[in-house]
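Engineer: This is the structure I have questions about; it appears just below.
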Amino acid sequence: MVSATRKRILLLLIVIVLTFLLIRFLLYNGTLLAVSMQYPQAQVVQNKQHTTNHETQSYRRAPGAPVIVAVFYEALCPDSKHFIMKQLLPAYKEASPLMNVQLIPYGKATTYTNADGSYRFDCQHGHLECEANTYHACVIEVVEDALARLEVVACMIRDNHLPKEAFHKCAKQHNIENIDLIQKCYDSSNGSELLKLNGDVTHALRPSITFIPTITLDGSQGRQATILKNLLAEICKIAGDNEKAEEICSKHI
1 MVSATRKRIL
11 LLLIVIVLTF
21 LLIRFLLYNG
31 TLLAVSMQYP
41 QAQVVQNKQH
51 TTNHETQSYR
61 RAPGAPVIVA
71 VFYEALCPDS
81 KHFIMKQLLP
91 AYKEASPLMN
101 VQLIPYGKAT
111 TYTNADGSYR
121 FDCQHGHLEC
131 EANTYHACVI
141 EVVEDALARL
151 EVVACMIRDN
161 HLPKEAFHKC
171 AKQHNIENID
181 LIQKCYDSSN
191 GSELLKLNGD
201 VTHALRPSIT
211 FIPTITLDGS
221 QGRQATILKN
231 LLAEICKIAG
241 DNEKAEEICS
251 KHI
């Protein structure tokens, strides 16, 4: 059975690939093409503004649906650590009804396929980051509660240089029940398969990632510098007109 996390990853990959194909079509044909597909509470639509290197596609969400916040990060990246701890987690605690957070630990890694079909990885900050990224991927896979999942990830990324110890400490600290299941995910091929899927999604992103972390809001990379400095304000700008957004965002816009 395909897990909910894998479904989300595959859907995100499909959206990114179709976005790339759409942009290539527009560049060669010079015409607008309306494309739609299913995505969690979202529909892909053509941007009304001219396509730039920093914004290619956006999603039209159903009224009241949360903004899809995709975070492409690395477990040992100082900038990823700062964003998750200082921006993402505080924003989610304040405005969870406005946010559908998708965490993609991988970053500027490379995936290799061994002769037996298994995977190995080369990560920007060394083999310990590959281990930590895999623990993150397994936590994201197993922990169903969105806040608990994000709290464990934020706790681990605070100091991830001993990935196994960081995972067990943070999982216990946040009363995670499925610690053994997460460890089995890491120890088995499931962990590397999840990390490989994260790599597929990351490498398919257009424009390609040049900085970690990279954040997309409803599929758009938008103004990264502003997103990284004031995530909630940027979410509020696109959250739409509804009572919940007005209540939360009144002091952020």
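Note that the sequence shown covers residues 1 to 253 in this note's numbering.
All C-beta atoms in this analysis are idealised placements derived from N, C-alpha and C, irrespective of residue type, glycine included.
Please read these numbers as outputs of a predicted model, since none were measured by experiment.
#1: State yes or no: is the C-beta of Lys-81 within less than 8 Å of the C-beta of Arg-158?
#2: Considering just the uninterrupted stretch of the beta strand (DSSP E) at Val-67, what are its terminal residues?
#3: Give me the residue from Lys-251, Ile-235 and His-252 with the minimum Cα distance to Pro-97.
#4: Identify, in the order they occur along the chain, each residue of the same chain with its Cβ nearer than 6 Å to the Cβ of Gln-87, setting aside the five sequence neighbours on each side.
#5: Return yes when the Cβ of His-168 is within less than 8 Å of the Cβ of Ile-179, no when it is not.
#6: Along the chain, where does the beta strand (DSSP E) that runs through Pro-105 open and close?
#7: Using only alpha-carbon positions, find the residue among Gly-64, Arg-8, Leu-12 and Ile-9 that is nearest to Gly-240.
#8: Output the distance between the C-alpha atoms of Leu-103 and Phe-72, rounded to the nearest integer angstrom.
#9: May I ask which residues mark the beginning and end of the alpha helix (DSSP H) holding Leu-147?
#10: Assuming Asp-216 is part of the beta strand (DSSP E), what are its boundary residues?
#11: May I have a chain-ordered list of the alpha helix (DSSP H) segments no shorter than 4 residues that lie completely inside the segment 176 to 231?
Structural biologist: The short version:
#1: In contact: Lys-81 and Arg-158 (Cβ atoms closer than 8 Å).
#2: Its beta strand (DSSP E) spans residues 67 to 73.
#3: For the residues Lys-251, Ile-235 and His-252, the minimum Cα distance to Pro-97 belongs to Ile-235.
#4: Once the five neighbours on either side are set aside, the close Cβ partners of Gln-87 are Leu-231.
#5: Going by C-beta atoms, Ile-179 is nearer than 8 Å to His-168.
#6: Boundaries of the beta strand (DSSP E) around Pro-105: 99 to 105.
#7: Ranking Gly-64, Arg-8, Leu-12 and Ile-9 by CA distance to the CA of Gly-240 puts Gly-64 first.
#8: Going from the Cα of Leu-103 to the Cα of Phe-72 covers about 7 Å.
#9: For Leu-147, the enclosing alpha helix (DSSP H) has its first and last residue at 146 to 158.
#10: Rather than Asp, the amino acid found at residue 216 in this sequence is Thr. In this chain, the beta strand (DSSP E) harbouring Thr-216 covers 214 to 217.
#11: Those alpha helix (DSSP H) runs which fall completely within the segment 176 to 231 and span 4+ residues are 179 to 187, 189 to 204 and 224 to 229.
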